[in-house]
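Report on the structure given below.
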Amino acid sequence: MHTPITIDALRVIDAIDRKKSFAAAANELYRVPSAISYTVQKLEEDLGVEIFNRSGHRAVLTPAGRYLLEQGREILRAADTLSQTTRQIASGWEPKLTLAINTLLPLESLLPLVQEFQEQQPQVEIQILEEVFGGAWDALLCRRADLAIGCDIDSRPAGNFSLHPLGELEFVYAVAPNHPLCKERQPLSPETLAQYRAVVAADSSRHLAPRSGGIFEKQLRLTVPNMAAKIEAQRQGLGAGYLPKRQIEPYLNRGELIALTLEQPRPALELYLAHRSEDRGRALKWFVKRLSSEPRFQQWLKPAVASQP
60 MHTPITIDAL RVIDAIDRKK SFAAAANELY RVPSAISYTV QKLEEDLGVE IFNRSGHRAV
120 LTPAGRYLLE QGREILRAAD TLSQTTRQIA SGWEPKLTLA INTLLPLESL LPLVQEFQEQ
180 QPQVEIQILE EVFGGAWDAL LCRRADLAIG CDIDSRPAGN FSLHPLGELE FVYAVAPNHP
240 LCKERQPLSP ETLAQYRAVV AADSSRHLAP RSGGIFEKQL RLTVPNMAAK IEAQRQGLGA
300 GYLPKRQIEP YLNRGELIAL TLEQPRPALE LYLAHRSEDR GRALKWFVKR LSSEPRFQQW
360 LKPAVASQP
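Have a look at this one:
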């Protein structure tokens, strides 16, 4: 269906409203005043409404004209965004990039890089998801995310993915100083640990089978949404469990958490960056390069020793 409302006509009405006269609008748009008047008159005739009240010394919008302009400005903004995004895609920059970070890594460690990127490429929209266990892989597999940060190999789903080693995450089995496990003889056996409640972060996968780690058979659980909540719950004595060593070092140093020795300690976990192999956008490449070497991010991990699978 043909509409008389064009982008050009909306720009003319917008300029008249801001500049308060046809002549000033013509000057801003580098047109002669007669061309501005013709555009408005033609639109009024085609719509069958009066857009401007011309009885005074200034061009004043009628109620219908005000509504047209308010809605039209949304169209103008959308048109400008469309033009910018089209040029952006042609240059290789994605209009939006979604990052899924495993809760094993502190989300705040990612924010300085996001800030740096936005200062360089403000036109690219960034979305951050926090995922638990296989949730980062799940987000990548289901295209909820473009880059997964902190993936492990064991939960890797079938698919064509590119992986980049990040490093190894070390774990400590820790409890509050008043937890009864502190009085048990160490190293602690699985049978002893199974008698006490574990704090676990719930797998955020939506399509992949949910997983858990460091849980013993028949052990009661307190389930929390992410690693920050798990650390806090264990610090308050609500349960026991493995925690990322470098994240809880301040609590260990202050005696707010106590590291326990186990008969079967959990080995370090190799973590990776992962993305779909066919994705080659410039924003994606920027984050892969920086996350692989950024010191503020790497401080949570031991240097990577494994090559890409």
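Each residue of the sequence shown is one higher than the one before, counting from 60 in our numbering. Where is the CB? At the ideal position from N, CA and C, for every residue including glycine. Source: prediction; values computed, not measured.
(request) In the DSSP assignment, find the unbroken beta strand (DSSP E) run with residue 158 in it and report its ends. (result) 155-161
(message) Which residues does DSSP list as the beta-bridge partners of residue 210?
(response) 331
(message) Tell me which residues share the same chain as residue 80 and place their Cβ nearer than 8 angstroms to its Cβ, disregarding the 5 neighbours each side in the sequence.
(response) 117 and 118
(request) Closer than 8 angstroms by C-beta to residue 366: which residues in its own chain qualify, once you throw out the five before and the five after it? Chain order, please. (result) Model confidence at residue 366 stands at a pLDDT of 43, short of 50, so the residue's coordinates are unreliable and nothing is read from them.
(message) Suppose the cutoff is 8 angstroms on Cβ atoms and the five residues either side in sequence are ignored; what does the same chain contact list for residue 109 look like?
(response) 103, 121, 123 and 124
(request) Entirely within the region 290-361 and at least 4 residues each: give me those alpha helix (DSSP H) ranges in chain order. (result) 304-313, 341-350 and 354-357
(request) Under 8 angstroms Cβ to Cβ from residue 96, same chain only, skipping five residues before and after it: list those, please. (result) 81
(request) With DSSP collapsed to three states, give me the class of residue 368. (result) Because the pLDDT of residue 368 is 46, which lies under 50, any placement of that residue in the model is unreliable, and the number read from its coordinates should be weighed accordingly. The answer is coil: DSSP assigns residue 368 none of H, G, I, E or B.
(message) As an exercise, report each continuous alpha helix (DSSP H) stretch of at least 4 residues that is fully enclosed by the region 235-289, in chain order.
(response) 249-252
(request) Output yes or no for whether 8 angstroms exceeds the beta carbon distance between residue 300 and residue 232. (result) yes
(request) Within its chain, find whatever has a CB closer than 7 angstroms to the CB of residue 245; leave out the 5 residues flanking it on each side and keep chain order. (result) 319 and 320
(request) Can you give me the start and stop residues for the beta strand (DSSP E) that residue 28 sits inside? (result) The chain is shown from 60 up to 368; residue 28 falls before or after that span and cannot be answered.
(message) Checking 8 angstroms against the spacing of the C-beta atoms, do residue 158 and residue 206 come in under that value?
(response) yes
(request) Can you tell me which of the three DSSP states residue 221 falls into? (result) strand
(message) What would DSSP say about residue 71, mapped onto helix, strand or coil?
(response) helix
(message) Distance check for residue 154 and residue 182, CA to CA, integer angstroms please.
(response) 7 angstroms
(message) Looking at the secondary structure, which residues open and close the beta strand (DSSP E) in which residue 186 lies?
(response) 184-190
(request) Report the three-state DSSP secondary structure of residue 89 (helix, strand or coil). (result) coil
(request) Would you kindly check if the distance between the Cβ of residue 345 and the Cβ of residue 306 is under 8 angstroms? (result) no
(request) Please determine, among 235, 199, 69 and 145, the residue with the shortest C-alpha to C-alpha distance to residue 258. (result) 235
(request) Measure from the alpha carbon of residue 298 to the alpha carbon of each residue in 254, 357 and 111, then state which is nearest. (result) 254
(message) Excluding the 5 residues flanking residue 131 on each side, which residues of the same chain have their C-beta closer than 6 angstroms to its C-beta?
(response) 69
(message) My output table needs one value for residue 84: the three-state DSSP class, helix, strand or coil.
(response) helix
(request) Starting from the C-beta of residue 243, find all residues in its chain whose C-beta is less than 8 angstroms away, skip the five residues before and the five after it, and write them out in chain order. (result) 251
(request) Return the CA-CA distance between residue 330 and residue 163, expressed in angstroms with no decimal places. (result) 10 angstroms
(message) Output needed for residue 336: all residues of its chain with C-beta closer than 7 angstroms, excluding positions within five of it in sequence on either side, in chain order.
(response) 219, 220 and 221
(request) State yes or no: is the C-beta of residue 196 within less than 8 angstroms of the C-beta of residue 165? (result) no
(request) Give me the Cα-Cα distance between residue 87 and residue 142, rounded to the nearest whole angstrom. (result) 21 angstroms
(message) What does the alpha-carbon distance come out to for the pair residue 211 and residue 280?
(response) 23 angstroms
(request) Under 7 angstroms Cβ to Cβ from residue 178, same chain only, skipping five residues before and after it: list those, please. (result) none
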